[in-house]
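Asker:
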Amino acid sequence: MARSTFVYVTYIRTTPERLWSALTDAEYMKQYWFGMHCESQWKAGSSWKLVSGDGQIFDAGEIVEAEPPRRLVIRWQHQNKPELKAEGDSLCTMELEPGESSVKLSITHTIERDPSKLIAAVSGGWPKILSNLKSLLESGSTVLQDPYPTAVSR
Amino acid sequence: MAERHDTDMLFRALADPSRRRLLDLLHAHDGRTLNELCEHLDMTRQGVTQHLDLLEAANLIATVRRGREKLHFLNPVPLQEIYERWIAKFEKPRLKALSDLKRQLEKANG
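From first to last, the protein sequence lines stand for chains A and B. So the first sequence is numbered by the working numbering: it starts at 3 and just counts up by one. So the second sequence is numbered by the working numbering: it starts at 35 and just counts up by one.
1) How long is the line joining the alpha carbons of A:E114 and A:S133, rounded to whole angstroms?
2) In whole angstroms, what is the alpha-carbon distance linking B:R66 and B:H106?
3) Quick one, which residues of the region 55 to 73 of chain B are near chain A if we go by CB-CB under 9 Å, in chain order?
4) Quick one: which residues of the region 8 to 26 of chain A get their C-beta closer than 9 Å to a C-beta of chain B? List them in chain order.
5) For A:G142, count the other beta carbons within 10 Å of its own beta carbon; 16 or more makes it buried, fewer makes it exposed. Which is it?
6) Could you spell out where the alpha helix (DSSP H) holding A:Y10 opens and where it closes?
7) Three or more C-beta pairs under 8 Å: does that hold for the region 109 to 122 of chain B against the region 74 to 81 of chain B?
8) Of all the residues that make up the region 117 to 131 of chain A, which are near chain B by a beta-carbon distance shorter than 7 Å?
9) State the Cα-Cα distance for the pair B:D64 and B:C72, rounded to the nearest angstrom.
10) With 8 Å as the C-beta to C-beta threshold (strictly closer), list the residues of the region 99 to 114 of chain A near chain B in chain order.
11) List the residues of chain A whose Cβ lies closer than 8 Å to the Cβ of B:E115, in chain order.
12) What's the gap between the Cα of B:M35 and the Cα of B:R54?
13) Along chain A, which residues have their Cβ under 8 Å away from the Cβ of B:A96?
14) Quick one: which unbroken beta strand (DSSP E) runs of 3-plus residues sit fully inside the region 16 to 41 of chain A? Chain order, please.
15) Any beta carbon from chain B within less than 9 Å of A:G142's own beta carbon?
16) With 9 Å as the threshold, decide whether the Cβ of B:F45 is near any Cβ in chain A.
Right, dumping it as structure tokens:
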């Protein structure tokens, strides 16, 4: 079956426990996810949703696997835009592998269709989010406040 | 320093036309095997493998095993970091100048 996937990897100088907490703590998340946060109990079978700063539910689904601080799998369906919602479920896998001085974080997002508007839409956001997460964990602050930095002082 | 080492690896990996071509090929169609990538380059299989290893060491590509195949994916995260560190801060003043100019002109028209 046709499938669309992206795999994003970043190495963060932190511990798997801190990174896991950064990925699952709603308040911390807002700092690197442009005001967005996830709501979940982070246990297999529990519901999951991605909520914007003004309370809109952008994506929803459930936790398929949760193995702190190593592996998290989320069944992920977009909710906001009809054409993306129509594509159905995607699967987002986050893997944390400790190395000598850093943790390798791999994010794989897959949907069983090709091409996929959902994958195209989410793939653009992840590099910015991961880059923010890395600098927040390593230096205590983020570089990007706005996901579209070209729109300066309009 | 680990950070300087990472950045050196990244720029070294980008400083080669065949490796940039490989990134473009993956950008056009992600998740390709070594064989698929070899078809597009006039180079030995061994040569392509070496370039891919260097790109992976610089974290510009990620690989996933699927059965007997190894699939290669473009990893844009380090490019985003270059953008923030080496491009955004230099281009911001110019963008601001442009948007100030636009505002001035529009005010004059209004």
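Glycine included, each C-beta is placed from N, C-alpha and C at the ideal position.
Answerer: In brief:
1) The alpha-carbon atoms of A:E114 and A:S133 are separated by roughly 27 Å.
2) Looking at the two C-alpha atoms, the distance is approximately 5 Å.
3) Of all residues in the region 55 to 73 of chain B, D64, G65 have a Cβ within less than 9 Å of some Cβ in chain A.
4) Listed in sequence order: F8, V9, Y10, V11, T12, Y13, R15.
5) A:G142 comes out exposed.
6) Premise fails: A:Y10 lies in the beta strand (DSSP E), 6 to 14, not in any alpha helix (DSSP H).
7) With a cut-off of 8 Å, the region 74 to 81 of chain B and the region 109 to 122 of chain B do not count as touching, because too few Cβ pairs lie within range.
8) Along the region 117 to 131 of chain A, going in chain order, the ones with a CB nearer than 7 Å to a CB of chain B are P129, K130.
9) Spanning the alpha carbons of B:D64 and B:C72 requires a straight line of approximately 14 Å.
10) Within the region 99 to 114 of chain A, the qualifying residues are S103, S104, S108, T110.
11) Listed along the chain, the chain A residues whose CB falls inside 8 Å of the CB of B:E115 are S133, K136.
12) Confidence in B:M35 is poor, its pLDDT being 40 and thus under 50, which makes the residue's placement unreliable; the coordinate value appears in the next sentence. Rounded to whole angstroms, B:M35 to B:R54 spans 26 Å at the Cα level.
13) Taking a Cβ-Cβ cut-off of 8 Å, the neighbours of B:A96 in chain A comprise V9, Y10, V11, S108, given in sequence order.
14) Those beta strand (DSSP E) runs which fall completely within the region 16 to 41 of chain A and span 3+ residues do not exist here.
15) Judged by the 9 Å Cβ criterion, A:G142 is not in contact with chain B.
16) Answer no: the Cβ-Cβ gap between B:F45 and chain A never drops below 9 Å.
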